[in-house]
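Take a look at the structure set out below.
Number of protein chains: 2
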Amino acid sequence: MVSIREFQNMMHRIYFHNDSERGADRTYRWLKEEVDELGEAMQNADEKAVEDEFADVIAWLASLANVLKIDLEKATLSKYGNRCPKCGSSPCKCPFVIRKS
Amino acid sequence: MVSIREFQNMMHRIYFHNDSERGADRTYRWLKEEVDELGEAMQNADEKAVEDEFADVIAWLASLANVLKIDLEKATLSKYGNRCPKCGSSPCKCPFVIRKS
Chain C
112 MVSIREFQNM MHRIYFHNDS ERGADRTYRW LKEEVDELGE AMQNADEKAV EDEFADVIAW
172 LASLANVLKI DLEKATLSKY GNRCPKCGSS PCKCPFVIRK S
Chain X
112 MVSIREFQNM MHRIYFHNDS ERGADRTYRW LKEEVDELGE AMQNADEKAV EDEFADVIAW
172 LASLANVLKI DLEKATLSKY GNRCPKCGSS PCKCPFVIRK S
């Protein structure tokens, strides 16, 4: 088991020297590329690649949080603390929305 | 502290009835929109919005993992287990790359 905070700290130990040099905007663009690659792996129904891309997306999200000095676990639990932030319920009782827009 | 697995399970309790109904492709598109919104919040230098969008990105990543029945923590630690998966070192000793492509 690894907490979100421990994982973010692990990414800091491994990559912060590079992430801080690359900076927020370029690290963000890399995150976007990893999300695109996750979509491609899903289209190809390549289960191992899908798992690897999930790992890459959360890794780059943690790297970006490190560059921006955001506490990812705190931000996450502040919004999603055992209930839906919109309706306040678990399970969520919001009207079901298929698409965002 | 919350582990990646506990967070994914929390998202399952709150949202799986909706996420499974929406399906993988549309949940993926929602994840992409959240990543776009994170970029917009960064451009606007709105710190609270940036924190909220980090929360949304990891929440939708967990929702997508639930729909695809991927164990996000296992996938993550399989690839990033205290060292860079490419060079095997921590800190990473790979040649520094500013851009992916």
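Top line first, the protein sequences correspond to chains C and X. Each number in my numbering corresponds to the 1-based position in the first sequence with 111 added. Each number in my numbering corresponds to the 1-based position in the second sequence with 111 added. All C-beta atoms, glycine included, are put in the ideal place defined by N, C-alpha and C. Only a predicted model underlies this, so the values are computations on that prediction, with no experimental measurement involved.
8 Å Cβ cutoff met for residue i and residue j
| i | j | result |
| --- | --- | --- |
| Asp163 of chain C | Lys190 of chain X | yes |
| Phe118 of chain X | Ala186 of chain C | no |
| Leu172 of chain C | Val113 of chain X | no |
| Asn120 of chain C | Cys203 of chain X | no |
| Gly150 of chain C | Tyr139 of chain X | yes |
| Val161 of chain X | Ile115 of chain C | no |
| Glu132 of chain X | Phe207 of chain C | yes |
Endpoints, alpha helix (DSSP H) assigned at residue i
| i | result |
| --- | --- |
| Asp189 of chain C | A small fix is needed here, since residue 189 of chain C is Ser in this sequence, not Asp. Segment Leu183 to Lys190, the alpha helix (DSSP H) holding Ser189 of chain C. |
| Phe207 of chain C | Unbroken run through Phe207 of chain C: none, as it is neither H nor E. |
| Ser200 of chain X | From DSSP, Ser200 of chain X is part of no alpha helix (DSSP H); its letter is neither H nor E. |
| Ala180 of chain X | The question names Ala, yet the displayed sequence has Lys at residue 180 of chain X. Here Lys180 of chain X belongs to no alpha helix (DSSP H), and DSSP marks it neither H nor E. |
| Gly150 of chain C | Ala135 to Gln154 |
Nearest candidate by alpha-carbon position, reference residue i, set the options
| i | options | result |
| --- | --- | --- |
| Ser200 of chain X | C:Met153, C:Ala176, C:Tyr126 and C:Arg116 | C:Tyr126 |
| Lys159 of chain C | X:Leu142, X:Leu183 and X:Lys143 | X:Leu183 |
| His59 of chain X | C:Pro206, C:Cys195 and C:Val208 | As shown, chain X starts at 112 and ends at 212. That puts residue 59 of chain X outside it, with no answer to give. |
| Leu188 of chain X | C:Ala170, C:Leu142, C:Ala135 and C:Arg137 | C:Ala170 |
Proximity test, residue i beta-carbon vs the ligand COA heavy atom, cut-off 7 Å
| i | result |
| --- | --- |
| Lys159 of chain X | The ligand COA is absent from the structure shown, which contains no ligand whatsoever. |
Interface residues of chain D facing residue i [CB-CB closer than 8 Å]
| i | result |
| --- | --- |
| Glu151 of chain C | No chain D appears in the structure shown, which is made up of the protein chains C and X. |
_Contact the segment 153-162 of chain C vs the segment 173-180 of chain C: 3+ CB pairs below 8 Å_ = no
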